[in-house]
Amino acid sequence: MRVIVIGGGVIGLAVGWRCAQRGTDVTVIDPEPGGKASGVAAGLLPPSGDMLLGRPEFARLVLHSRALYPAFAAEVAQAAGTSVGFLRNGILDVAYDAQAAQGLERLRQMADDFGIDYRMLSPEDCRRLEPRLAPEAYVGMLSPADGSIDPRMLTRGLLAALHNAGGRVVRERAEQVMLDDATPAVRLSGGEVLRGDRLVLAAGPWTHLLPGLPAGLVPEIRPYKGHVVRLHGEAVVGHTVRGSYGDRSVYIAPRADGELAIGATYEDAGYDEQVLADGVADLLERVRRIVPSTARLRFVGAAAGLRPGSPDGLPILGVTAREDVLLATGHYRVGIQLTPATAEAMAEAVVTGELPQIASPFSAARFAATPA
Ligand SMILES: Cc1cc2nc3c(=O)[nH]c(=O)nc-3n(C[C@H](O)[C@H](O)[C@H](O)COP(=O)(O)OP(=O)(O)OC[C@H]3O[C@@H](n4cnc5c(N)ncnc54)[C@H](O)[C@@H]3O)c2cc1C
């Protein structure tokens, strides 16, 4: 079976790799694999978050992916022969006022509901765990089994793993999707036409804009911009930290090499991917509020990316109204967290036409409209 994947972010690459492992002939098309949101994300892998509230099926999918992560990361690292920067250093949530403490209470309830291991912490406990935290914490919560991954290392690992499993990456743009014949085809920016038995669309917020798609086959995927800042220097925190005050929050993901990824802003700014001074200043101010000594760290860089948001904010997976065209997009704020579960589910859907049960609530069929 020939599988063409358009989009080489973490989602397209991981889906391609898992499909190649199942004996299919995989080609991933992307002019800059890992160059969009997947190369920008901080890579937090939290067990819970506000977007899971009241969405038990989504929470189950996220927790399934979380459970897959340690073996997935080890397998990519082994297949690629390189580390993917997976760290289980514990996630420490710290609330700095009463409003933020209410948010933490919601996370605590969610952890109870889903049997997630956690410990509530007094302000003194927080400072004992992380002495550089600003002193006026209200309350903290530690999820000891969680942490982060470096999405750029993961992308590089997935590229190598895909290559070693026999897949190929074509560094060109998919210029035109061609669905007039019995099997789908794609015209590349260089003019070549690739034909496959299955076509997986994983082009993030550009998925529905791919030229040649019949109207109604792919729902609109909206871009939600975010900035991330990277600092380097003395290790100011050992845990992955999420700090919040009022309705503002910031997270800090320390990497093994001493870098800190600080995230993330959230903006509804269309397809603008520019790094803006405002976004950078906002993050630096927020992180200084939580860990004042970050002000003395070296500024390495900043990046902005677009989170792919589906109409209901949930991932869109599996076959469309046309059975040989599949979708893997809409991962919004948790695409890194959902990479292992998405790859597993999509490989199943590519090979059998069916999503595994845990992923079936996210089937593309929920947006089915008769293609024009
Ligand atoms: C600031 C920020 C922070 C984030 N933090 C986290 C986090 O801590 N944890 C987490 O789980 N998630 C996080 N996310 C979300 C996560 O990054 C995304 O959900 C995930 O990267 C989406 O991956 P993707 O492969 O679907 O999309 P993308 O990474 O956008 O990849 C899509 C690919 O499609 C390609 N493409 C587009 N058009 C074409 C075409 N015509 N032909 C060929 N290729 C094409 C692009 O070049 C791109 O490489 C964050 C996102 C942002 C922006």
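Residue numbers (my numbering): 1 to 372.
Note that CB positions come from ideal geometry on N, CA and C, so glycine has one too.
What you are looking at is a predicted structure, and each value in this text was computed from that prediction instead of being measured.
{"Check": "Between the region 157-170 and the region 73-80, can you find at least three pairs of beta-carbon atoms closer than 8 angstroms?", "Outcome": "yes"}
{"Check": "With a threshold of 6 angstroms, establish whether the CB of V228 neighbours any heavy atom of ligand 1.", "Outcome": "yes"}
{"Check": "CB A235 to CB I29, shorter than 7 angstroms?", "Outcome": "no"}
{"Check": "May I ask you to check if the CB of V334 is nearer than 6 angstroms to at least one heavy atom of ligand 3?", "Outcome": "As for ligand 3, it is missing from this structure, which binds only ligand 1."}
{"Check": "Please state whether DSSP places V380 in a helix, a strand or coil.", "Outcome": "Nothing can be reported for residue 380: it is not among the residues displayed for the chain, which extend from 1 to 372."}
{"Check": "Spatial neighbours of S38 within its chain, please: C-beta separation below 6 angstroms, excluding the five flanking residues on both sides.", "Outcome": "G9, V10, P151, T155"}
{"Check": "Sort out for me which residues DSSP pairs I6 with in a bridge.", "Outcome": "I29, L201"}
{"Check": "Do A14 and A343 have their C-beta atoms within less than 7 angstroms of each other?", "Outcome": "yes"}
{"Check": "Using 8 angstroms for Cβ pairs, my map puts A203 next to I4. What's the rounded Cβ distance?", "Outcome": "Incorrect: roughly 12 angstroms between the Cβ atoms, too far for contact."}
{"Check": "Are the CB atoms of L188 and E172 nearer to each other than 7 angstroms?", "Outcome": "yes"}
{"Check": "Just verifying my parser: in three-state terms, what is the DSSP assignment at Q274?", "Outcome": "coil"}
{"Check": "Just to confirm my understanding: we take M1, look at its own chain, exclude 5 residues before and 5 after, and list those with CB closer than 6 angstroms. What are they?", "Outcome": "T24, D197"}
{"Check": "Roughly how many angstroms separate the alpha carbons of G54 and S48, rounded to a whole number?", "Outcome": "12 angstroms"}
{"Check": "DSSP puts V94 in a beta bridge; with which residues?", "Outcome": "G140, G243"}
{"Check": "Just reading off the beta strand (DSSP E) that P308 is part of, what are its end residues?", "Outcome": "298-309"}
{"Check": "Please find out if some non-hydrogen atom of ligand 1 comes closer than 6 angstroms to the beta-carbon of D117.", "Outcome": "no"}
{"Check": "Near P378, which residues of its chain fall below 6 angstroms by C-beta distance, leaving aside the five closest residues on each side in sequence?", "Outcome": "Given that the chain is displayed from residue 1 to residue 372, the structure contains no residue 378 and the question cannot be resolved."}
{"Check": "Under three-state DSSP, which class holds A253?", "Outcome": "strand"}
{"Check": "Our contact map puts A165 next to G226 with C-beta atoms below 8 angstroms; I'd like the distance itself, whole angstroms only.", "Outcome": "Rounded, the Cβ-Cβ distance is 31 angstroms, inconsistent with contact."}
{"Check": "Can you pull the DSSP bridge partners for Y224?", "Outcome": "R307"}
{"Check": "Measure the C-alpha to C-alpha separation of D257 and R66 and round it to an integer number of angstroms.", "Outcome": "24 angstroms"}
{"Check": "Rounded to a whole number of angstroms, what is the C-alpha to C-alpha distance between D113 and P254?", "Outcome": "29 angstroms"}
{"Check": "Taking L355 as the reference, give the member of L326, Y96, H331 with the closest Cα.", "Outcome": "L326"}
{"Check": "How would you call G301, buried or exposed, if buried means at least 16 neighbouring beta carbons within 10 angstroms?", "Outcome": "exposed"}
{"Check": "Do R288 and A261 count as a contact pair if the criterion is CB distance below 7 angstroms?", "Outcome": "no"}
{"Check": "Check whether the Cβ atoms of T373 and G147 lie closer than 7 angstroms to each other.", "Outcome": "The question about residue 373 has no answer here: the residues shown for the chain are numbered 1 through 372."}
{"Check": "Do the CB positions of P324 and P184 come within less than 7 angstroms of each other?", "Outcome": "Inspection of the sequence shows that residue 324 is occupied by Asp rather than by Pro. Yes."}
{"Check": "Between W206 and ligand 1, is the CB less than 6 angstroms from at least one heavy atom?", "Outcome": "yes"}
{"Check": "Run through the DSSP bridge pairs and tell me what R119 is partnered with.", "Outcome": "L142"}
{"Check": "For M120, I'd like the list of residues in its chain whose CB is within less than 6 angstroms of its CB, leaving aside the five on either flank, ordered along the chain.", "Outcome": "M141"}
{"Check": "With respect to the beta strand (DSSP E) encompassing E259, which residues constitute its N-terminal and C-terminal limits?", "Outcome": "259-263"}
{"Check": "Would you mind sorting D93 into buried or exposed? The rule is 16 or more other CB atoms within 10 Å of its CB.", "Outcome": "buried"}
{"Check": "Which residues in the same chain have their Cβ closer than 7 angstroms to the Cβ of A345, if we skip the five residues on either side of it in sequence?", "Outcome": "L317, L355, P356, A359"}
{"Check": "What is the C-beta distance between G43 and I149, in whole angstroms, given that I count them as a contact (C-beta under 8 angstroms)?", "Outcome": "5 angstroms"}
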